[in-house]
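Here the structure is laid out as structure tokens; the discussion comes afterwards.
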Amino acid sequence: MHRHISFRCVLTLVALLFAFSRLAWSAEDVATLAARIKEVGKEGKGNQVASRASRELSRRGAEDLPDLLLALNDADPVVANWLRAAVDQIAERAVANRKDLPAKKLEAFVLDRRNSGPVRRLAFEWLARVDATATNRLIPGMLDDPSVELRRDAVARTWADAQKVLDGGDRPAGLAALQKVFWSARDRDQVLDIAKRLEALDEKPDLTRHFGCIQNWQLIGPFDNSDKAGFDDVFPPEKQIELEAEHAGKESNVRWFEHTTADQFGVVDLNKVIGKHMGVTAFGLSRLDAREERVIQIRVGSPNAVKVWLNGTLVLRVDEYHHGMNMDQYIATGKLKTGRNTILIKICQNEQKEDWAQNWMFQVRVCDLTGGGL
Amino acid sequence: MKSIVAAVMIFASTGSVLASEWPQWRGAEGFGISGDRDLPVRWTEDEGIRWKIDLPGRGVSSPIIAGSRVYLTACTGANQDRLHVLCFDASSGKQLWERQFWATGLTGCHPKTCMAAPTPASDGERVYALFATCDLVCLDKDGTLVWYRSLQRDYPNITNQVGMAASPILHKNTLIASLETDSDSCALGIDKFTGLNRWRIARVPNVNWVTPVLARRGSGIELLLQSRTDISAYDPETGDQRWQHRADGLDMISSPVAGNGPIFVPAGKMIAIRPGKSDEAPQVLWDSPKLRPTTASPIHFDGRLYAVNSVGVLTCADPADGEILWQERLKGPFSASPVAGDDKLYLVNEEGTTTVIDTKSEARVLATNPLGETILGSPAISNGRIYLRSDKHLFCIGVSN
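Top to bottom, those sequences are chains A and B.
For the first sequence, our numbering assigns the number 422 to the initial residue and increments by one for each residue that follows.
For the second sequence, our numbering assigns the number 26 to the initial residue and increments by one for each residue that follows.
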């Protein structure tokens, strides 16, 4: 009997504790719950607390959306996905139940360019679901927007308008609008399509400048990369840049030499420039002068394993061979200092024998955070 | 009786899903077999379609069905950096919810595939969606986030620029993800409730896209992982290796299938192996170059082994000795793996045409059903209906209730 009573007591206590705990979490504000989620670490560390906080957030009403969007602003990409799920769930439920979203606050958030680009886009998409005028009112003013997704829509719309002007026979005005939209575009597919249209009008769009592709390099190699060991081996250019020095290469001594690629996208074909080798590595050095300190992106394409250093700091490391090459395949973010800056790239070729594994090449562009060339 | 045993086995393996559901890639057991009867035979773009839903973006993943819900993934964006998990009512096709996530991993891939390549898995209460970006999401059936992990943040060298594609699978309370690449190659056993690792094992650093499978040996279940150079069995709850068969040239895309004892391993030539009673290396029973599959995985159905090759030749063999029983040239190519049920094989080519094969009759081809849209994901079968996803639409085929 006593045992039965004490078991019931324990059960009641557990239920009360659970209810109290649920009550305590439901009383927490959005920022506090978001802060709990921001504690998540690698390999799922903190997931259980984050899960509870996320569930609590997802129960909130639409009036909490602005605070949640603000919490998303400074979230790292992992935390951002935790928080985004709650935003979508709250907004989806409100729309399904025909409840209002805080449209004015969403619009203010969208228009404030200090907010994170992807989060502004998220807010815009929910705003556009409940305000049929939002797209026409807001998108045309976003041709220079730091949010690449919002800008993409503005580019598409302005480009269509420019085409209408051209179709109407006003070439100077249409061309000016097309030039403007060319320099505003950031996504490669849009840039290339607009460039093609400009070329059809006998214009010469400067794709190299648009993308910020580096064409001038100091190169040195080949060094040894037998059995792919060279990727982790430290060669002299990784320790110190001495452009006049001679170093022991894979088969003979090697020296730095200057190379300017004629490719408008900055592709350097090392098989042509250094020679056809397998199991080798080479280095490319480029120098940039900056008037002021600024955050930049170094965007790399290569079918080979690559490492990139900005001013001696490793900012990119990809140990992968022959899985294709695309512009912006890898994106590293770093900070330029005032004055002279150096970008060093290491390009490793392995020893695969297949026809498709013979390429040894790279492409680097330096751009702002939207992908616009510097 | 057989179906009751099968239902119990499936319950033990994946949780609370029922036998007629299709809770992960190639169904509850991962071998493409459904126990449903009266499956659809003929359909066109205009006839035999129960419902058809517009999708927000591409995907080569398959739909899955758990309870009364269909789950599907897709990706959108100029750089495929928007990842979608969608949930539909299986009966009406009504969208119940959609969640989006931002890609945290690399989005480069071969143009044929995309970031929504792995098929999700469900235990009936939750859905687990892995993307080629190595973003891994667990949502409950109402779309509330249970946990999320960026596996590329956890292990920076696990992606590849062809595009990750192996689907996660569930065993009891463990979600298993194969992340085999040229660099930090591994497989993970993840606690399905918390998203924490239960185990992590290093794998051969050779990129592959093979979805793992679970095979019964004796009274236990083993996890089979296949790379170009090995097929290895592990305890799915601990990650401890049980046995290994090493061979060069094993297939890097199609998955092995288990029969009643033997395991059929896709390679330059299909290899049949039989694991021993203890953990010694398995015995090779036979091999057959004519049974070489390509992207589509083989299927072992009703006492026969089938494989479709790159030019669309469907080969049927005796699983006992690999003897070729017949071949039929179909219009390929095929990326989707065949599925089977109700004495029929369903093979969907990349143009979206499904060839239905009668496995009991000499006539063999029962129907060819065009949908006129690119389909690379494998079909799903549940409650007498067939679910197909194209680049643009999700189809539910079969009008019965």
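For every residue, glycine included, the Cβ atom is placed at its ideal position computed from N, Cα and C.
For clarity, every value in this text was computed on a predicted model and none was experimentally measured.
Residue from the options with nearest C-alpha to residue i
i	options	result
K475 (chain A)	B:P193, B:C159, B:G245, B:L164	The residue you asked about is not Lys; residue 475 (chain A) is Ser in the sequence shown. Ranking the options by Cα distance to S475 (chain A), first place goes to B:L164.
W547 (chain A)	A:R761, A:D591, A:Q510, A:D574	A:Q510
K649 (chain A)	B:G274, B:D207, B:F156, B:I246	B:D207
V727 (chain A)	B:N182, B:C100, B:V162	B:N182
L489 (chain A)	A:D450, A:K520, A:G745	A:D450
T23 (chain B)	B:E72, B:W122, B:G82	Nothing can be reported for residue 23 (chain B): it is not among the residues displayed for chain B, which extend from 26 to 426.
W47 (chain B)	B:I74, B:T132, B:V171, B:P145	B:P145
E387 (chain B)	B:C421, B:K369, B:V373, B:E72	B:K369
S147 (chain B)	B:Q177, B:S192, B:T254, B:L401	B:S192
L200 (chain B)	B:N231, B:L239, B:D209	B:L239
V516 (chain A)	A:P658, A:L532, A:L790, A:G482	A:G482
D343 (chain B)	B:P363, B:M295, B:P300, B:D304	B:M295
I422 (chain B)	B:R51, B:G52, B:S45, B:W76	B:W76
G755 (chain A)	A:L613, A:N747, A:I717, A:H744	A:I717
A361 (chain B)	B:T319, B:Y96, B:R329, B:G92	B:T319
W580 (chain A)	A:R618, A:N725, A:A544	A:R618
V179 (chain B)	A:M746, A:G465, A:E772, A:Q784	Note on residue identity: the sequence assigns Asp, not Val, to residue 179 (chain B). If we check each option's Cα against that of D179 (chain B), A:G465 comes out closest.
T263 (chain B)	B:S86, B:L310, B:I226	B:I226
R457 (chain A)	A:A448, A:G467, A:K463	A:G467
L491 (chain A)	A:R505, A:H698, A:D645, A:L559	A:R505
N732 (chain A)	A:L532, A:I662, A:Q611	A:I662
H698 (chain A)	A:P643, A:R715, A:W677	A:P643
Beta-bridge partners of residue i, as assigned by DSSP
i	result
Y371 (chain B)	B:V364, B:V381
V270 (chain B)	Before going further, note that residue 270 (chain B) is His rather than Val in the sequence given. Note: H270 (chain B) sits in a beta bridge opposite B:I256.
V689 (chain A)	A:F783
R226 (chain B)	Here the sequence assigns Ile to residue 226 (chain B), which means Arg is not the residue at that position. Note: I226 (chain B) sits in a beta bridge opposite B:A212.
I768 (chain A)	A:A703, A:V727
T138 (chain B)	In DSSP, T138 (chain B) forms no bridge with anything.
E353 (chain B)	B:L339
V162 (chain B)	B:A154, B:Y173
C430 (chain A)	Answer by DSSP bridge pairing: none, since C430 (chain A) is not bridged.
N394 (chain B)	B:T379
K638 (chain A)	The displayed chain sequence assigns Trp, not Lys, to residue 638 (chain A). According to DSSP, W638 (chain A) bridges with A:H680.
Y331 (chain B)	B:I324, B:C341
E247 (chain B)	B:A240
T763 (chain A)	A:R708
Q120 (chain B)	B:F113
Contact set between residue i and chain A, taken where Cβ atoms lie within less than 8 Å
i	result
F156 (chain B)	Simply none; closest approach about 11 Å.
A365 (chain B)	Ordered by position in chain A, no residue passes the 8 Å Cβ test against A365 (chain B), which lies about 34 Å from the chain.
Proximal chain A residues relative to residue i, where beta-carbon distance stays under 9 Å
i	result
H135 (chain B)	H744, G745
S203 (chain B)	Within chain A, no residue comes near S203 (chain B); the closest Cβ sits about 17 Å away, beyond 9 Å.
Chain B contact residues for residue i, given Cβ-Cβ distances below 8 Å
i	result
A501 (chain A)	W127
E484 (chain A)	Under the 8 Å cutoff, chain B gives no residues; its nearest Cβ is about 19 Å from E484 (chain A).
Q750 (chain A)	L131, G133, Q186
For residue j and residue i, believed in contact at Cβ under 8 Å, the rounded distance
i	j	result
F359 (chain B)	V333 (chain B)	5 Å
W127 (chain B)	N502 (chain A)	6 Å
V675 (chain A)	T682 (chain A)	Contact flag wrong, Cβ pair sits at about 19 Å.
N379 (chain A)	T702 (chain A)	Residue 379 (chain A) falls outside the range modelled here, since chain A spans only 422 to 795, and no answer is possible.
A392 (chain B)	V381 (chain B)	5 Å
E484 (chain A)	L454 (chain A)	Not really, about 15 Å apart at Cβ, beyond 8 Å.
P658 (chain A)	I641 (chain A)	6 Å
Chain B contact residues for residue i, given Cβ-Cβ distances below 9 Å
i	result
A549 (chain A)	The premise fails here: A549 (chain A) is roughly 15 Å from chain B at the closest Cβ pair, so nothing lies under 9 Å.
D509 (chain A)	W122, E123, R124, Q125, G168
E775 (chain A)	Within chain B, no residue comes near E775 (chain A); the closest Cβ sits about 13 Å away, beyond 9 Å.
S479 (chain A)	G168, T169, L170
P498 (chain A)	W127, A128, T129, S175, R178
Proximal chain B residues relative to residue i, where beta-carbon distance stays under 7 Å
i	result
R378 (chain A)	Residue 378 (chain A) lies beyond the stretch modelled for chain A, which goes from 422 to 795, so this question has no answer here.
Q469 (chain A)	T219
R476 (chain A)	T169
A506 (chain A)	R124, L170
S472 (chain A)	V171, W172
Under 7 Å by beta carbon: chain A residues contacting residue i
i	result
A103 (chain B)	R573, D608, D610
S208 (chain B)	D740, E741
Review point. Along the segment 163-189 of chain B, what residues have a CB closer than 7 Å to any CB found in chain A?
Key: Taking a C-beta cut-off of 7 Å against chain A, the contacting residues of the segment 163-189 of chain B are G168, T169, L170, V171, W172, Y173, R174, S175, R178, D179, N182, N185, Q186, V187, listed in chain order.
Exercise for review: Give, in chain order, every residue of the segment 216-243 of chain B whose Cβ lies closer than 7 Å to some Cβ of chain A.
Suggested key: Going along the segment 216-243 of chain B in chain order, one finds T219, G220, L221, N222 with a Cβ nearer than 7 Å to chain A.
Check your understanding: Given a limit of 9 Å on CB to CB distance, which residues of the segment 728-739 of chain A reach chain B?
Key -> Across the segment 728-739 of chain A, CB contacts with chain B closer than 9 Å involve R738, V739, in sequence order along the chain.
Review point. Of the residues that make up the segment 441-465 of chain A, which ones have a beta carbon closer than 7 Å to any beta carbon in chain B?
Key: Taking 7 Å as the Cβ-Cβ cut-off against chain B, the residues of the segment 441-465 of chain A that qualify are K463, E464, G465.
Check your understanding: If contact means a Cβ-Cβ distance below 7 Å, which residues of the segment 586-614 of chain A contact chain B?
Key -> Within the segment 586-614 of chain A, those residues whose Cβ lies closer than 7 Å to any Cβ of chain B are, in chain order, D608, D610.
Check your understanding: Listed from N- to C-terminal order along the chain, which residues in the segment 700-713 of chain A have their beta-carbon within a distance smaller than 7 Å of any beta-carbon of chain B?
Key -> From the segment 700-713 of chain A, no residue has a Cβ closer than 7 Å to chain B.
Review point. Looking at chain B, which residues of the segment 616-650 of chain A have a Cβ within less than 8 Å of any of its Cβ atoms?
Key: Result list empty, no residue passes.
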